[in-house]
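Chains as they are written, first to last, in my numbering: chain C, 1 to 223; chain D, 1 to 223.
Here is the structure we will look at, set down as structure tokens.
2 protein chains.
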Amino acid sequence: MSKPAKKKAAAEQPPVVTRDPEASVQDILAVATEEFAINGLSGARVDQIAERTRTSKRMIYYYFKGKEGLYQAVLEKAYMDIRALEEKAKLLDMEPRAAMRKLIELTFDYDETHPLFISLVSVENIHQAKHLTNLTSIKDVNQSVIRTLTSILERGRKEGVFRADLDPVDVHLLISAFCFFRVSNRHTFGAIFERDLSDPKLRKRHKKIIIEAVERLLEVRKG
Amino acid sequence: MSKPAKKKAAAEQPPVVTRDPEASVQDILAVATEEFAINGLSGARVDQIAERTRTSKRMIYYYFKGKEGLYQAVLEKAYMDIRALEEKAKLLDMEPRAAMRKLIELTFDYDETHPLFISLVSVENIHQAKHLTNLTSIKDVNQSVIRTLTSILERGRKEGVFRADLDPVDVHLLISAFCFFRVSNRHTFGAIFERDLSDPKLRKRHKKIIIEAVERLLEVRKG
DNA sequence: CCGGTCATGTACCAACCGGTCCAATTTTTC
DNA sequence: GAAAAATTGGACCGGTTGGTACATGACCGG
């Protein structure tokens with residue numbers, strides 16, 4: 001079914017150059033995300049991205065100025081999407097240990113289901129995050145994880161179930177490192193140790209391990 | 001014993017074209033390691049590598065066939081160098097808990113002091129490790145870590161200080177992930193959370209954290 | 001309906017980049 | 001010491017790639 005578009009409905013057969021700026025932008029971003037994640041910044045080809053789009057190379061330069069502009073837009077969008085991570089779960093209502101477990105599971109699952117995001121972050125790190133520093137807005141978004149974590153740790157400490165001498169960012173680092181690495185390094189790790197890290201069986205086991213590791217690390221020890 | 005000076009510079013200065021194949025190869029490899037680590041496979045420029053070398057582009061093609069051949073050689077060398085990791089320490093003579101702690105420290109310090117290696121591994125993962133699969137030799141080298149770890153865990157289990165239900169590769173994953181991530185993602189993580197992960201103070205704290213996390217994870221629990 | 005801005009397609013280019021050709025000169029082999 | 005092999009240099013090439021000039025239709029305010 002042809003989309004009737006606007007009021008100018010079907011005179012006979014106009015070439016119907018369905019104009020839709022927003023759709024063009026989103027289309028380009030979606031394709032570019034894949035290309036940059038798979039091939040890296042310099043490895044990705046503008047022509048290839050354009051070809052996979054329903055529009056043309058001209059549009060990429062029209063909307064994003066150039067390859068780097070497109071890359072930066074892709075990066076920003078990818079980082080912004082994490083916002084959806086904790087929003088759907090109301091961690092602050094749960095008791096500390098359950099909240100912590102849930103937070104770990106969310107992180108684990110997010111990384112697992114967003115390999116393109118993981119790749120993009122790796123790419124950006126190779127470029128020493130010099131494009132990321134332009135994007136000040138994403139700091140706030142990402143630091144919300146820390147606020148949540150801080151709150152959970154604080155409540156746990158008050159209830160006497162969590163120790164008090166751990167920095168929330170350090171805890172986040174431990175969780176993030178494990179979840180991220182499993183995905184980012186699945187190819188080399190898999191090749192060397194002959195393991196398929198995408199195996200559901202392993203996934204389940206690894207999720208249990210990181211949860212257990214963090215839980216034990218947070219435990220209060222007397223003496 | 002003056003060289004048969006080139007006709008152009010016959011008067012003084014013998015050009016002294018000191019031929020040294022081995023040195024040429026090593027020189028190229030060293031420069032290429034940096035370039036590939038910093039710019040990635042497609043981002044690195046053969047001309048740039050050649051220029052930084054004391055030899056010429058021609059030599060790169062002579063010794064390594066092409067850009068990909070050079071990249072593969074760089075990758076192989078980088079992975080082979082890990083062999084030196086545990087060799088110098090005789091972990092098998094130490095009591096299990098001390099050995100485990102030492103192994104973690106070695107991994108932590110190795111990653112910390114070899115950021116180029118970390119970058120290369122990240123680059124290779126973006127390329128889905130398709131160059132690594134050609135290098136079967138490195139599997140053995142890297143699996144020696146697992147053998148060591150297996151032995152430590154086994155002895156610990158027999159002595160009753162370590163639990164028995166953990167896979168050595170999974171334990172290695174936990175350790176490796178933390179140590180690797182700290183370096184591989186130092187730029188994005190640092191930018192977002194405004195932390196300099198190379199700060200010695202943080203380094204010391206993080207080393208303590210990963211050691212403590214693993215130690216606690218390995219503890220035997222009754223019930 | 002009409003001028004102006006927005007959106008898009010086509011064709012094209014100049015620079016770059018991986019790779020090679022030709023040849024010289026050193027080192028090794030016999 | 002001559003032939004053969006190994007190393008090196010420098011110029012050069014052809015395809016690729018990011019980017020642009022130009023034209024043209026589509027939408028919108030008045």
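Beta carbons are placed, not taken as given, at the ideal position from N, Cα and C, and that holds for glycine.
Residues of its chain near residue i, where Cβ-Cβ distance is below 6 Å and the 5 sequence neighbours each way are ignored
{"i": "D:Tyr79", "result": "Ile138"}
{"i": "D:Val25", "result": "Tyr63"}
{"i": "C:Lys8", "result": "Only weak support exists for where C:Lys8 lies, its pLDDT of 35 falling under 50; the coordinates are left without a value."}
{"i": "D:Ala23", "result": "none"}
Close Cβ partners of residue i (< 7 Å) along its chain, the five nearest in sequence each way excluded
{"i": "D:Tyr71", "result": "Phe36, Leu41 and His131"}
{"i": "C:Phe180", "result": "Asp111 and Ile118"}
{"i": "D:Asn39", "result": "none"}
{"i": "D:Leu91", "result": "Ala99, Lys102, Leu103, Thr148 and Ile152"}
{"i": "D:Lys57", "result": "Val46, Asp47 and Ala50"}
{"i": "C:Arg225", "result": "Any answer about residue 225 of chain C is impossible in this case: the structure gives chain C only from 1 up to 223."}
{"i": "C:Glu212", "result": "none"}
{"i": "D:Lys67", "result": "Val46"}
{"i": "C:Val183", "result": "Asp111, Glu112, Pro115 and Ile118"}
Proximity winner among the options, relative to residue i (alpha-carbon distances)
{"i": "D:Leu197", "options": "C:Leu173, C:Ala164 and C:Leu103", "result": "C:Leu173"}
{"i": "D:Gln143", "options": "D:Tyr62, D:Leu85, D:Arg216 and D:Asp109", "result": "D:Leu85"}
{"i": "C:Pro21", "options": "C:Thr33, C:Ile38, C:Phe64 and C:Asn39", "result": "C:Phe64"}
{"i": "D:Asp27", "options": "D:Ala73, D:Phe108 and D:Val171", "result": "D:Ala73"}
{"i": "D:Pro168", "options": "C:Arg58, C:Phe193 and C:Ser24", "result": "C:Phe193"}
{"i": "D:Val31", "options": "D:Thr53, D:Ala23 and D:Arg19", "result": "D:Thr53"}
{"i": "D:Phe178", "options": "D:Ala191, D:Lys201 and D:Lys207", "result": "D:Lys207"}
{"i": "D:Lys77", "options": "D:Gly66, D:Ile60, D:Ser184 and D:Leu29", "result": "D:Leu29"}
{"i": "C:Gly43", "options": "D:Glu124, D:Gly69 and D:Asp109", "result": "D:Glu124"}
{"i": "C:Leu135", "options": "C:Gly69, C:Asp199, C:Ala23 and C:Leu202", "result": "C:Gly69"}
{"i": "C:Arg203", "options": "C:Phe108, C:Met59 and C:Ile60", "result": "C:Phe108"}
Cβ separation of residue i and residue j, assumed to be a contact under 8 Å, to the nearest whole Å
{"i": "D:Ser122", "j": "C:Ile126", "result": "6 Å"}
{"i": "D:Leu116", "j": "D:Thr55", "result": "Actually they are not in contact, since the Cβ atoms of D:Leu116 and D:Thr55 sit about 21 Å apart, beyond 8 Å."}
{"i": "D:Ile104", "j": "D:Ile209", "result": "Going by Cβ atoms, the distance from D:Ile104 to D:Ile209 rounds to 10 Å, so no, they are not a contact pair."}
{"i": "D:Gln128", "j": "C:His187", "result": "5 Å"}
{"i": "C:Val141", "j": "C:Arg83", "result": "5 Å"}
{"i": "C:Leu75", "j": "C:Leu120", "result": "6 Å"}
Other residues of its chain near residue i: CB distance less than 8 Å, five sequence neighbours each side excluded
{"i": "C:Val214", "result": "Met100, Ile104, Val171, Leu174 and Ile175"}
{"i": "C:Arg157", "result": "Arg163 and Ala164"}
{"i": "C:Arg190", "result": "The residue asked about is misnamed: residue 190 of chain C is Gly in this sequence, not Arg. Excluding residues within five positions, the ones whose Cβ falls inside 8 Å are Asp196 and Leu197."}
| query | Taking three-plus beta-carbon pairs below 8 Å as touching, is the region 91-98 of chain D in contact with the region 46-56 of chain D? | reply | no
| query | Taking only runs of the alpha helix (DSSP H) that begin and end inside the region 21-79 of chain C, which ones reach a length of at least 4 residues, in chain order? | reply | 21-39, 46-52 and 57-64
| said: Taking contact to mean 3 or more Cβ pairs, one atom from each stretch, closer than 8 Å, check whether the region 159-168 of chain D and the region 211-219 of chain D are in contact. | reply: yes
| said: So within the region 132-164 of chain D, which uninterrupted alpha helix (DSSP H) runs reach at least 4 residues, ignoring any that extend past its ends? | reply: 137-159
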